[in-house]
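Visitor: Let me give you the structure first, and then I'll get to my questions.
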Amino acid sequence: MKLTLRVWRQRTPEAEGAMATYEVDGISADMSFLEMLDTLNEELILAGDDPVAFDHDCREGICGACSLVINGEAHGPERTTTCQLHMRSFRDGDTIDIEPWRAAAFPVVRDLVVDRSAFDRVIQAGGYVSVPTGAAPEAHATPVPKADADFAFEHAECIGCGACVAACPNGSAMLFTSAKVNHLNVLPQGAPERESRVLDMVEAMDAEGFGGCTNTGECAVACPKGIPLPSIAAMNREYLRATMRGR
Amino acid sequence: MAVTGLAMLAYLVAHMLGNLKIFFGSGDFNGYAHWLRTIGEPVLHHEWFLWLARVGLVVAVVLHAVAAYQLSRRDIAARPAKYERKRRRASYATRTMRWGGIILGLFIVWHLLDLTTLTVNPRAEAGHPYENVVASFRTWYSGALYIVAMLALGLHIRHGFWSAAQTLGAGSARRDRLFKALANGLALLLTCGFIAVPVAVMTGAVS
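Just so you know, the protein sequences line up as chains A and B, in that order.
So the first sequence is residues 26 to 272, counted in this note's numbering.
So the second sequence is residues 103 to 309, counted in this note's numbering.
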C-alpha cells in the first residue's frame, strides 16, 4: 500500500504546530497502524529528520497509552485502540489525517503526544478503595449480586485513554469519570467512600478544565472499550444522591 | 438546564392543548382565553394566576439561557484547538441545540409582540384572541415564521428531553430507548399540535 499521511508536527508545547505531509510506501494490510508509523519514522530517521513522536505501550489494546485522532475519529474508523487498528481498514492511495487529542486539559507535549496527567489527578481524587492490608480476603466473604458485578466490570474496562475527551466537542471527561465512579460505587468494597468519591472526582474533573457534558454522545461512540453513554446518567444519579446525603 | 427545560416543556404541552381549542370555533377559544384569567378566583385576584405563570416562565427562560451561556463558555474554553478534520457523529438535533435555542428565544419575543401585546398584530383587538390569531396567520410571514420556529422547537425537544433525563440521572441502559422514544414522541406531538393552527388558517379550515 502507498499512503499519503498528513501528520500534526509540533516541536514543543509552546511552539506553533502544523500538519506535515509524508508519503509512505510498502505498507502491508496486516500491519497495525502504529507499525505503519514505525515505518514512517524509520524512513524519517534515515533521511535525517526527526521521527514523529506518538504514545504507545502494550500494543495489545489494554493499557490506554496510545491515542491519535485518525481521519477525524479518535482511534480511527474501527471500535478499538489505535494499536489494534490494522491497515486493512484503509485502502491503497488513501490520504490519512493524524492529529493529537485536542482538549485544554490535554496539552500537546510534542507532535502527537499529549499530557494526560489530568486523568491521573481525577483518579487520585477518589478512584480507589480503602481496604485493610494483609492476607487476601476470602473471595466469597463479600457477596456481590451478579448484575452489580457485571455493571462494575463493564465500567472497569475503561483504560483511561482519553478518546472520550478527544471526541467530545466540549472536551468533557464525563464518560471517563463516570466509568471510574460507577465501577467502584456499585460494589460493597467501594461503599465506604461512595459519596465522597463522586463529589471529589467531579470536583477534580472540573478543576482540570474539562468541559461540561451536553449529551452529544460522541464519547461513547469513540470509546474503544464500549463504555455506554447511560454511564453518565448513572454518575449524575450518584452525584445527586451524594449531594443530598452529604459526605 | 434540565429543570428549567422540563418546566417549560410542561407549559408547552398545556399551551399546545389550549391552542387546539381554536378548532372548536371563536366562542370556545375566546372563552378558554378568558377562563385562563379567572383561574384561582376567588383566592387569587383576576389575572393573578396568569401573571404568576408569566413570571415563572420568564424566570425559567432566563435561567435556561444563562445556564446555556455559562455551559457554552466553559465548553468552548475546554476545546480551544479545532481538529483539521473531524467526523461528527452527533445527530442534527444535538448539533443545533445552541442556535436552535437562540432562534426559539427570538421567536418568543416575536410571538409575544404578535399575540400578547398585539404590537405587530394586523388586527390587534384585545379580548379577541381567535380573531387576532386568524388575522396574524393570514399574513405569509407570520405563518412561515411560526412553522419554522415550531420545527426548531421539535428538534430542541428531541435532544433536550432525553438530555434532561440523563442530567437528572433518570437514564440507564435499560430505560434509554424509552426516554428516546418519549423525547421523539413529545417533539412530534408538540410540533404537529402547534403547526396545526397556522396550517388550518392558511388552508382556510379556520377562519
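For glycine and all other residues, C-beta sits at the position ideal for the given N, C-alpha and C.
Along the chain, which unbroken stretches of the alpha helix (DSSP H) at least 4 residues long are found entirely within the stretch 35 to 65 of chain A?
Guide: Within the stretch 35 to 65 of chain A, no run of alpha helix (DSSP H) at least 4 residues long lies entirely inside it.
Visitor: Should tyrosine 185(B) be flagged as near chain A, meaning a C-beta pair shorter than 8 Å?
Guide: Yes - at least one Cβ of chain A is within 8 Å of the one on tyrosine 185(B).
Visitor: DSSP has threonine 29(A) in a bridge; who is on the other side?
Guide: Glu48(A), Thr120(A).
Visitor: Hey, could you find the ends of the alpha helix (DSSP H) valine 134(A) is sitting in?
Guide: Valine 134(A) -> not in any alpha helix (DSSP H); beta strand (DSSP E) instead, spanning 133 to 135.
Visitor: Quick check on the burial criterion: 16 or more other C-beta atoms within 10 angstroms. Buried or exposed for serine 193(B)?
Guide: exposed
Visitor: Give a yes or no on whether the C-beta atoms belonging to serine 114(A) and glycine 101(A) are separated by under 8 Å.
Guide: Annotated as proximal: serine 114(A) and glycine 101(A), with beta-carbon spacing under 8 Å.
Visitor: What residue range is occupied by the uninterrupted alpha helix (DSSP H) comprising phenylalanine 201(A)?
Guide: 199 to 210
Visitor: With a threshold of 8 Å, are at least 3 pairs of Cβ atoms found where one atom belongs to the stretch 246 to 264 of chain B and the other to the stretch 201 to 210 of chain B?
Guide: At 8 Å Cβ cutoff, the stretches touch.
Visitor: What residues of chain B sit near phenylalanine 144(A), judged by a beta carbon separation below 8 Å?
Guide: Per Cβ cutoff of 8 Å: no residues; phenylalanine 144(A) is ~14 Å from chain B at best.
Visitor: Just to confirm before moving on: does the CB-CB distance between histidine 180(A) and serine 92(A) stay below 8 Å?
Guide: no
Visitor: Kindly indicate which three-state DSSP category histidine 111(A) falls into: helix, strand or coil?
Guide: strand
Visitor: By a C-beta neighbour count over all protein chains shown, 10 Å radius and 16 as the cutoff for buried, is methionine 199(A) buried or exposed?
Guide: buried
Visitor: Suppose the cutoff is 6 Å on Cβ atoms and the five residues either side in sequence are ignored; what does the same chain contact list for aspartate 216(B) look like?
Guide: Val222, Asn223, Ser238
Visitor: Kindly indicate if chain B contains any beta-carbon less than 8 Å away from that of tyrosine 218(A).
Guide: The question names tyrosine, but residue 218(A) in the sequence shown is glutamate. No, no contact with chain B.
Visitor: Listing by chain order, which chain B residues have their CB less than 7 Å from the CB of proline 253(A)?
Guide: What proline 253(A) touches in chain B: Ala275.
Visitor: Relative to the C-alpha of cysteine 183(A), which residue among Pro194(A), Gly152(A), Pro168(A), Thr158(A) is closest?
Guide: Gly152(A)
Visitor: Which of the residues in the stretch 165 to 186 of chain B, read from start to end, lie with their CB under 9 Å from any CB of chain A?
Guide: The stretch 165 to 186 of chain B vs chain A, Cβ under 9 Å: Gln172, Leu173, Ser174, Arg176, Asp177, Ile178, Ala179, Ala180, Arg181, Pro182, Ala183, Lys184, Tyr185, Glu186.
Visitor: Using a Cβ cut-off of 7 Å, pull out every chain A residue sitting near lysine 188(B), in sequence order please.
Guide: Gly97
Visitor: Is the shortest distance between the beta-carbon of leucine 265(A) and the beta-carbons of chain B less than 8 Å?
Guide: Answer yes: the Cβ-Cβ gap between leucine 265(A) and chain B drops below 8 Å somewhere.
Visitor: When you compare each of Tyr243(B), Gly120(B), Leu146(B), Thr140(B) to methionine 304(B) by their alpha carbons, which one comes out closest?
Guide: Tyr243(B)
Visitor: I'd like to know whether the C-beta of alanine 195(B) is nearer than 8 Å to at least one C-beta of chain A.
Guide: No, its Cβ sits nowhere closer than 8 Å to a Cβ of chain A.
Visitor: In terms of alpha-carbon separation, which member of Glu68(A), Thr167(A), Asp225(A) lies closest to isoleucine 52(A)?
Guide: Checking every option, the nearest Cα to that of isoleucine 52(A) belongs to Glu68(A).
Visitor: How would you label tryptophan 126(A), buried or exposed, when you count the other beta carbons within 10 angstroms and need 16 or more for buried?
Guide: buried
Visitor: First and last residue of the alpha helix (DSSP H) that includes alanine 232(A)?
Guide: Here the alpha helix (DSSP H) through alanine 232(A) covers 219 to 232.
Visitor: Using a Cβ-Cβ cut-off of 8 Å, state whether methionine 199(B) counts as contacting chain A.
Guide: yes
Visitor: Below 8 Å on the Cβ atoms is my guess for leucine 59(A) versus arginine 84(A); work out the distance and round it to an integer in Å.
Guide: 6 Å
Visitor: Taking 8 Å as the cut-off, does the stretch 116 to 131 of chain B touch the stretch 179 to 191 of chain B (at least 3 CB pairs, one atom from each stretch)?
Guide: no
Visitor: Heavy atom of the ligand FMN less than 7 Å from the Cβ of proline 76(A), yes or no?
Guide: The ligand FMN is absent from the structure shown, which contains no ligand whatsoever.
Visitor: Assign glutamate 182(A) to one of three DSSP states: helix, strand, or coil.
Guide: coil
Visitor: Whose CA, out of Pro300(B), Ala289(B), Gly158(B), Ala267(B), lies closest to the CA of alanine 258(A)?
Guide: Ala267(B)
Visitor: Flag aspartate 122(A) as yes if its beta-carbon sits less than 8 Å from any beta-carbon of chain B, otherwise no.
Guide: yes
Visitor: Between which two residues does the alpha helix (DSSP H) carrying isoleucine 148(A) extend?
Guide: DSSP places isoleucine 148(A) in the uninterrupted alpha helix (DSSP H) bounded by 142 to 149.
Visitor: Out of Val105(B), Tyr113(B), Thr198(B), which one is the CA nearest neighbour of leucine 292(B)?
Guide: Among Val105(B), Tyr113(B), Thr198(B), the Cα nearest to that of leucine 292(B) belongs to Tyr113(B).
Visitor: By alpha-carbon positions, which one of Gly196(A), Leu137(A), Ala191(A) ends up nearest to proline 76(A)?
Guide: Leu137(A)
Visitor: Ends of the alpha helix (DSSP H) at leucine 173(B)?
Guide: 150 to 180
Visitor: Counting Cβ pairs closer than 8 Å, one from the stretch 220 to 229 of chain A and one from the stretch 144 to 158 of chain A, do we hit at least three?
Guide: yes
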